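Q:
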Amino acid sequence: MSAAPDSAPRVHVRAPGKINLVLRCGAPGEDGYHRLATVFQAVSLYEDVVAELADDVTVTVTGRQADVVPTDGENLAVRAARLLADSTGTAEGVRLHVTKNVPVSGGMGGGSADAAATLLACDLLWGTGLARDELAELAAELGADVPFALTGQTAVGTGRGDVLAPALARGTHHWVLATQSWGLPTPEVYARFDELRPDPAPPRLEDGLMAALVGGSSADLADYVANDLADAAVALRPELAGVLDAFDAAGALARTVSGSGPTVFGLAADLADAQDVAASVRDAGVADDVLLVTGPVSGARALESMRGV
Ligand code: ATP
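Here UniProt numbering is used: the first residue of the sequence shown is 1, the next is one more, and so on.
#1: Per DSSP, L291 is paired with what?
#2: For Y190, which three-state DSSP category applies?
#3: Report whether the distance from the Cβ of P16 to the nearest heavy atom of the ligand ATP is below 7 Å.
#4: With DSSP as the reference, label V214 as helix, strand or coil.
#5: Would DSSP call G17 helix, strand or coil?
#6: Closer than 7 Å to a non-hydrogen atom of the ligand ATP - does that hold for the CB of L150?
#7: Do you know how far the Cα of D245 is from the Cα of L267?
#8: By DSSP's criteria, C25 is part of a beta bridge. Which residues make up the other side?
#9: Any residue with its Cβ nearer than 6 Å to a heavy atom of the ligand ATP should be included. What is that list in chain order?
#10: Assuming the contact rule is C-beta atoms closer than 8 Å, L83 and L138 should be a hit. Round their C-beta distance to whole Å, please.
#11: In terms of residues, what are the limits of the beta strand (DSSP E) holding S298?
#12: Do the stretch 289 to 308 and the stretch 142 to 157 touch if we need at least three Cβ pairs shorter than 8 Å?
#13: To the nearest angstrom, how far is it from the Cα of G110 to the Cα of A241?
#14: For the beta strand (DSSP E) holding T60, just list the boundary residues, first then last.
Set out below in structure tokens:
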């Protein structure tokens, strides 16, 4: 007798979106990718991937902006599953279901979180048993932000942003996110950056930043929050200047664009302050949605695994 669909082997993995507390951008390298020095922090806005054993690899997507996410071989979750299958030689397939909370093309690494969650989910589902560093190698093949979505927490990224070193960071920070219903294509933001800054200095992180992370004080960390891509994002979508202004008017400790935008995040002193900042930014009417999150949080992890039951 064949198993009922809801008793098929299934794994549920959750992976976080990220913000770039600091993003310093240099010139493109020989591979065409810009050299970065960035600090990623994983925040409490999550993508959920449920993986069920199947004959081939398919995906369905629901949640925030699901209608603009491809469901063919371009989907990063499908690419992740196929890469793992190819590299391990498994004959298994998977039915993936992605629930999106991270805005699409928002500069928060939502697609990267889906890819990282899928690698872990399929590894558990298929019993391919890769070590974390083997998964991280596959993750780097899928995209510069994918390895960080596996590890989460707070990390320094160099190279294309994919060479990660964990950062010692104490405490929990309260972040307010202003998201948009529209996205900014990352290549266009980098192209505009090249026009605005034709000869950028090699990217480096400011002295004192790592001490501020270890110290854990949001007020100290605020001095370092910055993004070299912010001007390019604003040049492409001038209304982002109004979002940044709204955070200033709200009294945020610091604010900038995450990744290549258009999500803008602000740092608050504590939960009550975050609620005040969020209310003020919401009232300004400059964002599609205003969300409160905390960071750091852990990377991709299995919530539920029912293999073979
Ligand atoms: P990053 O910060 O890593 O540059 P982002 O958050 O700005 O990424 P994503 O939402 O990760 O952007 O991905 C944007 C592009 O990837 C879109 O063009 C989208 O169509 C495509 N894409 C492919 N798979 C996915 C997925 N599972 N979720 C979201 N976007 C996806």
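Note that the Cβ used here is the ideal one computed from N, Cα and C, for glycine as well.
Keep in mind it's a predicted model, so treat the numbers as computed, not measured.
A: Answer, in terms of the structure:
#1: Looking at the DSSP assignment, L291 forms a beta bridge with L177.
#2: Three-state result, Y190: helix.
#3: No, Cβ of P16 sits at least 7 Å from all heavy atoms of the ligand ATP.
#4: It is helical.
#5: G17 falls in the strand class under three-state DSSP.
#6: No, the Cβ of L150 stays beyond 7 Å of every heavy atom of the ligand ATP.
#7: Between L267 and D245, the C-alpha separation is close to 14 Å.
#8: Per DSSP, L36.
#9: In chain order, the qualifying residues are V69, P70, E74, N75, L76, A77, V98, V104, S105, G106, G107, M108, G109, G110, G111, S112, D114, D145, T186, G259, S260.
#10: Right, their Cβ atoms sit about 6 Å apart.
#11: Per DSSP, S298 belongs to no beta strand (DSSP E) and is neither H nor E.
#12: A contact exists between the stretch 289 to 308 and the stretch 142 to 157.
#13: Straight through space, the alpha carbons of A241 and G110 are spaced by roughly 23 Å.
#14: Counting along the chain, the beta strand (DSSP E) containing T60 begins and ends at 57 to 63.
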